[in-house]
Amino acid sequence: MKASWPRPSALIPYLWLAIFFALPFLLVFRLSLSDSALSIPPYAPQIDWSGGLAGFRRFLAGLDFDTYGRLVSDHLYIKAYISSLSFAAQGTLFALLIGYPMAYGMARCRPQTRNLLLMLVILPFWTSFLIRVYAWVGILKPEGLLNAGLGLLGLPNIDLLYTPAAVQIGLVYSYLPFMVLPLYAVLEKQDHTLLEAAADLGSPPWKSFWQVTFPLSIPGVVAGCLLCFIPMVGEFVIPDLLGGPGSLMIGRSIWMEFFANRDWPFASAVAVALLIMLVPPIVLYQRQQVRALEAGR
Amino acid sequence: MSEPGAGKPAKARANGGRRLNIGAVRSSFAPWNDPSAVPLVRFEGVGKRFGDQVAVEDLSLEIYPGEFFALLGPSGCGKTTLMRMLAGFETPDTGRITLAGEDLAGVPPHRRPVNMMFQSYALFPHLSVEQNIAFGLKQEGLPKAEIAARVVEMLDLVKMAPFARRRPDQLSGGQKQRVALARAVARKPKMLLLDEPLGALDKKLREETQFELMDLQVELGVTFLIVTHDQEEAMVMADRIAVMREGRIAQIGRPEEVYETPANRYVAEFLGDVNLFDARVSQIDHPMARLEAAESLEGFFVLDDDCPAAGSAVSLAVRPEKMRISLEAPPQGTHNVLAGEIWDIGYTGDWTNYIVELPGERLIRVARANASRFVERPIGWDDKVYVTFDPDAGVVLG
Ligand SMILES: Nc1ncnc2c1ncn2[C@@H]1O[C@H](COP(=O)(O)OP(=O)(O)O)[C@@H](O)[C@H]1O
Ligand SMILES: [Mg+2]
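Residue numbers (numbering that gives the first Met the number 0), protein chains in the order written: chain R, 0 to 296; chain E, 0 to 397.
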């Protein structure tokens, strides 16, 4: 077949990506190359539209990577990146440890019960994310629900709000459905006769889990982990509402640079660096999805 | 249509190079007639229901060591359920199952010394062919070198050595079947359970595989229990067949026994084609009996074995290939003559099946082997024909 133009309907996703991803990214990227200055936009250099090609050349010459240089040399930002990655990695691990048994249990229920449980997993999406995170403030604050419960049990109070632990709780709570759903999808369609075959070949049930169920669920584990990890790294609302000064995360740094320091070029550089950092896991996720699609055929 | 039982002597030839006359080994093998023989497996009054669906009911059965035993019956008659109870995947509601004298109740599947080849093969998709075969051996905790050696042995046995590194999804149906078989026999089980092992294969491959399975069984000396709904498959391979009907056993016997002396109408009709005549025993004059039937004025003359007393209502079952068909009237005094007209002809190459219409719109089926390539005057549509059969050709069913 001759190479042909894609049908117009196939262009819609590209158009979408161009308008909502490529264009904003280019704007942010251009901003990150501008000169840091305590100025409201416009930032130097400006494109001199009247200067024609020469004007555009002058504009390009004015762009530089100074902001990135500052980023690399500033300890605080390196630390923020590392801390974000570590928060996200831990949060992903906890979400996996909690989400796997949940998905496994759901997949083993009778079909009617399954649908009900699936609904319950999705239910939190019906309320605003912000409200759900605020609710955790109510739970974790010193005179909140958690301590009230502990008090009733005669246990000592714990003060979690504005600690890294509170951020971790918030992350795991918020992203758990993104872990459970892909895991459930792979576990639910697993062929039960494989477990019978394993038992028939002398494998007790707990061993069959590690030899058959788990390896076959790895595509779900990878998808769930990446779906949690990628947005967790850049999370802003949760560390802002639940975290204290100890919970340094890059999302917050970006916000600070944009709105507190008003250094837009530098803030843009922080954001672009974050995006570049997330490219490998995103590519991994994409490849894994394509493979899953092909295997499903 | 191939003659039942004809498969057995052919086995040694089908095997190619190896000279193993299984037919000869088999024909003297009959532990079920030996009162001192100890069965390997014993089902005693076993019953199983799913909700109000009865799958197996009050079933008793004994399978002897070294036997190739087939469970034969239509789909839904409880064959798989019976096999799954032996493997430990279903628990009998009533009765008990023993294996080598040990009651299996409460023994989980992974501790039963039987292995099953699943109808869907159930190969592990994330493991290669050799890892699949090694799976059962690993569970026993055998040393690595021993596992590797056994895997190689099994790969050779099923001629899958060139595919050792492949994944199941890179194999054809026949190859998957071989891997599933190798995986199931790798542990040298006391008994191998095969649930419709050839169901997914095409006809040619199925026939080849039948002989391979039989050779394998003799070679390994393992007892085989095979489930099938294909009567030809069961007859070719099995030492004994249990014909099942709605969760019960209708008859157990050697292939030629169940085919030639079916115990009832159900078995007669399930195994191959049969013409059934409703009749009444009018006279017994040893060794002959005379039956009155609507199809024949003179009545049918048959051997009197197993014939109930005069006056009883019976069915006379005559297989199509045991009837003769001719355009000329048989000589005067010939018994069991039916005159009719050809209604339909089905030519299958080796056989021709004639559907003959008797007076009263009664249809019977007659089969004739096409022994010569050209016939002077072939039988055609609407010809008047005479159908005859010998007194020992029919079976009287109570
Ligand atoms: N797990 C089950 N749940 C409910 N009914 C079942 C189950 N397994 C088998 N049955 C029923 O039991 C009967 C026997 O089934 P099965 O043993 O699979 O028959 P076969 O293998 O001879 O085709 C069928 O009527 C089937 O519907
Ligand atoms: Mg079945």
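Every residue, glycine too, gets a C-beta built ideally from N, C-alpha and C.
Nearest to residue i (by Cα), restricted to the options the options
i                      : options                       : result
residue 133 of chain R : R:107, R:116 and R:160        : R:160
residue 272 of chain E : E:50, E:364 and E:135         : E:364
residue 30 of chain R  : R:293, R:19, R:43 and R:21    : R:43
residue 207 of chain E : E:349, E:235 and E:66         : E:235
residue 395 of chain E : E:380, E:280 and E:387        : E:280
residue 359 of chain E : E:294, E:389 and E:332        : E:294
residue 398 of chain E : E:296, E:345 and E:391        : As shown, chain E starts at 0 and ends at 397. That puts residue 398 of chain E outside it, with no answer to give.
residue 72 of chain E  : E:321, E:233, E:389 and E:101 : E:233
residue 85 of chain E  : E:319, E:203, E:226 and E:211 : E:226
residue 466 of chain E : E:157, E:270 and E:61         : Residue numbering for chain E in the displayed model covers 0 to 397; residue 466 of chain E lies beyond these limits and cannot be assessed.
residue 288 of chain E : E:389, E:244 and E:257        : E:389
residue 94 of chain E  : E:100, E:88 and E:45          : E:45
residue 184 of chain R : R:63, R:203, R:219 and R:193  : R:219
residue 330 of chain E : E:387, E:286 and E:374        : E:387
residue 192 of chain E : E:140, E:111 and E:74         : E:111
residue 43 of chain E  : E:32, E:96 and E:240          : E:96
residue 197 of chain R : E:220, E:138, E:145 and E:151 : E:138
residue 212 of chain E : E:263, E:244, E:270 and E:69  : E:69
residue 85 of chain R  : R:270, R:232 and R:260        : R:232
residue 213 of chain R : R:190, R:138 and R:252        : R:190
Beta-carbon contacts of residue i that lie in its chain and below 8 Å, excluding the five residues immediately before and after
i                      : result
residue 384 of chain E : 324, 325, 326, 338, 339, 340, 341, 353, 355 and 378
residue 150 of chain R : 156
residue 176 of chain R : 120, 121, 123 and 124
residue 226 of chain R : 174, 177, 178, 181 and 284
Distance between residue j and residue i (C-alpha atoms, nearest Å)
i                      : j                      : result
residue 183 of chain E : residue 83 of chain E  : 15 Å
residue 128 of chain E : residue 154 of chain E : 9 Å
residue 140 of chain R : residue 238 of chain R : 15 Å
residue 10 of chain R  : residue 24 of chain R  : 20 Å
residue 65 of chain R  : residue 71 of chain R  : 10 Å
residue 83 of chain R  : residue 159 of chain E : 51 Å
residue 311 of chain E : residue 218 of chain E : 49 Å
residue 120 of chain E : residue 63 of chain E  : 26 Å
residue 166 of chain R : residue 234 of chain R : 10 Å
residue 1 of chain E   : residue 370 of chain E : Confidence at residue 1 of chain E is low in this model, with a pLDDT of 41, below 50, so its placement is unreliable and the value that follows should be read with caution. One C-alpha to the other measures close to 14 Å.
residue 61 of chain R  : residue 268 of chain R : 16 Å
residue 103 of chain E : residue 180 of chain R : 40 Å
residue 398 of chain E : residue 238 of chain E : As shown, chain E starts at 0 and ends at 397. That puts residue 398 of chain E outside it, with no answer to give.
residue 41 of chain E  : residue 90 of chain E  : 15 Å
residue 113 of chain E : residue 109 of chain R : 30 Å
residue 66 of chain E  : residue 223 of chain E : 6 Å
residue 250 of chain E : residue 335 of chain E : 28 Å
residue 17 of chain R  : residue 102 of chain R : 36 Å
residue 253 of chain E : residue 38 of chain E  : 16 Å
residue 249 of chain R : residue 32 of chain R  : 19 Å
residue 275 of chain E : residue 332 of chain E : 23 Å
residue 282 of chain R : residue 276 of chain R : 11 Å
residue 34 of chain E  : residue 28 of chain E  : 14 Å
residue 148 of chain R : residue 135 of chain R : 14 Å
6 Å CB neighbourhood of residue i in its chain, flanking five on each side removed
i                      : result
residue 14 of chain E  : The predicted position of residue 14 of chain E is uncertain, since its pLDDT is 42 and thus under 50; no value can be drawn from it.
residue 246 of chain E : 53, 54, 55, 56 and 77
residue 146 of chain R : 156
residue 30 of chain E  : 36 and 63
residue 262 of chain R : 35 and 256
residue 15 of chain R  : none
residue 171 of chain R : 90, 93 and 94
Contacting residues, own chain, Cβ-Cβ under 7 Å from residue i (five flanking each side not counted)
i                      : result
residue 200 of chain E : 172, 173, 176 and 208
residue 243 of chain R : 161 and 162
residue 283 of chain E : 303, 306 and 309
residue 122 of chain E : 131, 167, 175, 178 and 179
residue 50 of chain R  : 57
residue 79 of chain E  : 194 and 226
residue 271 of chain R : 27, 28 and 31
Check: residue i C-beta below 7 Å from any heavy atom of ligand 3
i                      : result
residue 198 of chain E : Within the structure as shown, ligand 3 is missing, the only ligands being ligand 1 and ligand 2.
Exercise. Pull out every residue of the stretch 208-234 of chain R whose Cβ sits closer than 7 Å to any Cβ of chain E, in chain order.
Key: Within the stretch 208-234 of chain R, the residues whose Cβ lies closer than 7 Å to some Cβ of chain E are 211, 214 and 215, listed in chain order.
Self-check item: Members of the stretch 180-196 of chain R that neighbour chain E once the beta carbon cut-off is set at 8 Å
Solution: Per Cβ criterion, the list reads 190, 192, 193, 195 and 196.
Exercise. Below 8 Å between beta carbons is the criterion; list the residues of the stretch 132-146 of chain E that meet it against any residue of chain R, in chain order.
Key: 134, 135, 138 and 139: these are the residues of the stretch 132-146 of chain E whose beta carbon lies less than 8 Å from some beta carbon of chain R, given in chain order.
Quiz item: If you measure beta-carbon to beta-carbon, which residues of the stretch 74-95 of chain E are closer than 7 Å to chain R?
Solution: For the stretch 74-95 of chain E, which is checked against every Cβ of chain R, the residues closer than 7 Å are 86 and 88.
Practice problem: Give me every residue whose Cβ sits closer than 7 Å to any heavy atom of ligand 2, in chain order. | Solution: Taking each Cβ in turn, the ones that pass are E:74, E:78, E:79, E:118, E:194, E:195 and E:226.
Quiz prompt | Chain-ordered residues of the stretch 95-114 of chain R with a beta carbon less than 9 Å from chain E | solution = Residues of the stretch 95-114 of chain R with a Cβ closer than 9 Å to any Cβ of chain E: none.
Quiz item: Taking a cut of 9 Å between CB atoms, which residues from the stretch 165-180 of chain E lie near chain R?
Solution: Residues passing the 9 Å Cβ filter: 168 and 179.
Practice problem: Give, in chain order, every residue of the stretch 9-27 of chain R whose Cβ lies closer than 8 Å to some Cβ of chain E. | Solution: Listed by position along the chain: nothing, the set is empty.
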